[in-house]
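Chemist: Mature numbering (1 follows the signal peptide of the UniProt record, and there is no 0) puts the sequence shown at residues -18 to -1, 1 to 320.
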Amino acid sequence: MNKSAVFLLLLLFSVLLACSDARLRPADRLYDPELGVTFTRNISELFDDWASKSTIKTINSYADMPLVGPYGSRLYVSPRDLISERGGSVSYPFEIEFLEVLTPREMILHRAPTMAGDRLLFSGGEFFLNISKNGEELKLAEVSNLRLEAVSLVSGDQFNYFQGQRGLDGMIDWQEGPEMRRIGFPCEGQIQSSQDCWETDAATLQQMKERQDSLENFRNEYLILPTELGWINIDHYGSFEGDKVQISVQVKSGIPEAFFVFLYIPSTNSLMDVPFGKKFPLPVGLEVEIVAFGLTVEDRIFTGNKRMKVENEGQIEIEVSNTTKEDWLAYLDTIKPS
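1) Given a threshold of 16 other Cβ atoms within 10 Å of its Cβ, counted over all protein chains shown, does I216 qualify as buried or as exposed?
2) By a C-beta neighbour count over all protein chains shown, 10 Å radius and 16 as the cutoff for buried, is P95 buried or exposed?
3) For A240, is the classification buried or exposed, using 16 other Cβ atoms within 10 angstroms of its Cβ as the cut-off for buried?
4) Between which two residues does the beta strand (DSSP E) holding I298 run?
5) Might you give, ordered along the chain, the residues of its own chain that have their beta carbon closer than 6 angstroms to the beta carbon of I247, omitting 5 neighbours on each side?
6) Just to check my reading of the structure: G107 and V83 have Cβ atoms closer than 8 angstroms, yes? What is that Cβ distance to the nearest angstrom?
7) Rounding to the nearest angstrom, what Cα-Cα distance links V292 and S230 in this structure?
8) Can you pull the DSSP bridge partners for N287?
9) Curious, which full-length alpha helix (DSSP H) runs of at least 4 residues does the region 13 to 70 contain?
10) Go to E203, then tell me how far its beta strand (DSSP E) extends in each direction, as first and last residue.
11) Does the beta-carbon distance from E77 to T40 come in below 8 angstroms?
12) Taking its Cβ as the centre, do 16 or more other Cβ atoms sit within 10 Å of Y74, making it buried, or is it exposed?
13) In terms of residues, what are the limits of the beta strand (DSSP E) holding D155?
14) Hey, how far is the Cα of F242 from the Cα of P160?
15) Could you give the DSSP three-state label for R93: helix, strand or coil?
16) Just checking, does the region 272 to 288 make contact with the region 208 to 228 on the three C-beta pairs under 8 angstroms criterion?
17) What residues match up with I78 in a beta bridge as DSSP calls it?
18) List the DSSP bridge partners of F244.
19) For R11 and L207, what's the separation of their Cα atoms in angstroms?
20) Does DSSP classify K307 as helix, strand or coil?
21) Which residue or residues does DSSP assign as beta-bridge partners of S126?
22) The beta strand (DSSP E) with G146 in it runs from where to where?
23) With H, G and I counted as helix, E and B as strand and the rest as coil, what does DSSP make of P319?
Here it is in structure tokens:
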């Protein structure tokens, strides 16, 4: 094959790939003739500005442990739990970035629905963890005893450990972690099993014993032993019993695909991102909260919401109107797990 033929084949492949991308990704600018505005799908920077911020702390010695998040989650890590990108050892100091995403508001603003592919997850909470030294991101060692005593706003005894990655659509997707890293309760026999792998000095063990005693009647805290840094979730695969109906959500707009739509289930603390026109099954009688958000190129905000029980099969319509950042964030604060 001569060079001209190779060049033409490469050119054709590039054109086909570009066309494929154009079909898969929504346009960045979408004009709505009914509302008379142009919407943008680029909301990441705005949502990041509105969302809760990470706790960032420099760790100079193990005396700086634990790092405690705003909700009370506790993180313990030492240099021997970490390696550099090239596999080298790590010494103090290093910097930790830690984020708790526990409320429906923060799940929405961090674009972190509780979905593993097309499977719904019942969630106990989401967390982000990153560790770096001199600007270089670190990794967990093959044998690492980093532990997170994670606070949750809900309780359950079937939660597992999930790891998350942000996709091209800006949403986080979750995958179940290894069997050996399942969720446990820090207050149920963990002191004895920890002595071989965690800090074993008397002061640390006494601190753990006191914490165990304080948690005796409190079950909304879980022990996570991550295998990777990044996004972490306390979840389990969800299913509903009873009769189900197929529903879809339609934003009442001349360009409904310009809106981001989330469906929250208070009884399971589950959040779905609902693609335009997609049908999905939900059980009759389930209480849900549907949230729609659209942003114009002039930074005007259009939102809508509906709190309802699922009754009949069909399309659920959401009316939207122009609102303010303050009013919309105040509304998100009213959404709570049951």
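For each residue, glycine too, the CB sits at the ideal point set by N, CA and C.
Modeler: On the basis of the supplied data:
1) Along the sequence shown, read from residue 1 onward, the residue named residue 216 stands at position 234. Per the 10 Å Cβ criterion, buried.
2) Residue 95 sits at position 113 when you count from the first residue of the sequence shown. Buried, since its Cβ has 16 or more Cβ neighbours within 10 Å.
3) If you number the sequence shown from 1, residue 240 lands on position 258. Buried, because 16 or more other Cβ atoms sit within 10 Å of the Cβ of A240.
4) The residue given as residue 298 occupies position 316 in the sequence shown. From DSSP, the beta strand (DSSP E) with I298 extends over G296 to I300.
5) Here residue 247 refers to the residue found at position 265 when the sequence shown is read from its first residue. Excluding sequence neighbours, I247 sits near V270.
6) Position 125 of the sequence shown, counted from the start, is the residue given in the question as residue 107. Position 101 of the sequence shown, counted from the start, is the residue given in the question as residue 83. Cβ atoms of G107 and V83 come within 8 angstroms of each other, at about 7 angstroms.
7) As a first step, residue 292 must be located in the sequence shown, where it is residue number 310. As a first step, residue 230 must be located in the sequence shown, where it is residue number 248. For V292 and S230, the distance between alpha carbons rounds to 11 angstroms.
8) Counting from 1 along the sequence shown, the entry for residue 287 is found at position 305. The bridge partners DSSP lists for N287 are V273.
9) 26 to 32
10) The residue labelled residue 203 in the question sits at position 221 within the sequence shown. Unbroken beta strand (DSSP E) run through E203: E203 to I206.
11) What you label residue 77 is simply residue 95 of the sequence shown in a count that begins at 1. What you label residue 40 is simply residue 58 of the sequence shown in a count that begins at 1. Cβ atoms of E77 and T40: closer than 8 angstroms.
12) Looking up residue 74 in the sequence shown gives position 92. Counting Cβ neighbours within 10 Å, Y74 comes out exposed, since fewer than 16 surround it.
13) Counting from one through the sequence shown, the residue named residue 155 turns up at place 173. Unbroken beta strand (DSSP E) run through D155: I154 to E158.
14) Residue mapping note: residue 242 aligns to position 260 of the sequence shown, counting from 1. Residue mapping note: residue 160 aligns to position 178 of the sequence shown, counting from 1. Taking the straight line joining both Cα atoms gives about 32 angstroms.
15) Position 111 of the sequence shown holds residue 93. Reduced to three states, the DSSP call for R93 is coil.
16) no
17) For the purposes of this step, residue 78 is taken as the residue at position 96 of the sequence shown. Bridge partners of I78: K39 and I113.
18) Start at 1 with the first residue of the sequence shown, and residue 244 comes out as number 262. Its beta-bridge partners are D255 and V273.
19) Working through the sequence shown from its first residue, we reach residue 11 at position 29. Working through the sequence shown from its first residue, we reach residue 207 at position 225. Roughly 43 angstroms separates the two Cα atoms.
20) For the purposes of this step, residue 307 is taken as residue 325 along the sequence shown, with counting starting at 1. Helix, per DSSP.
21) Residue mapping note: residue 126 aligns to position 144 of the sequence shown, counting from 1. Answer by DSSP bridge pairing: none, since S126 is not bridged.
22) Position 164 of the sequence shown, counted from the first residue, corresponds to residue 146. G146 -> beta strand (DSSP E) spans N142 to R148.
23) As a working mapping, residue 319 is identified with position 337 in the sequence shown. Of the three classes helix, strand and coil, the one that applies to P319 here is coil, per DSSP.
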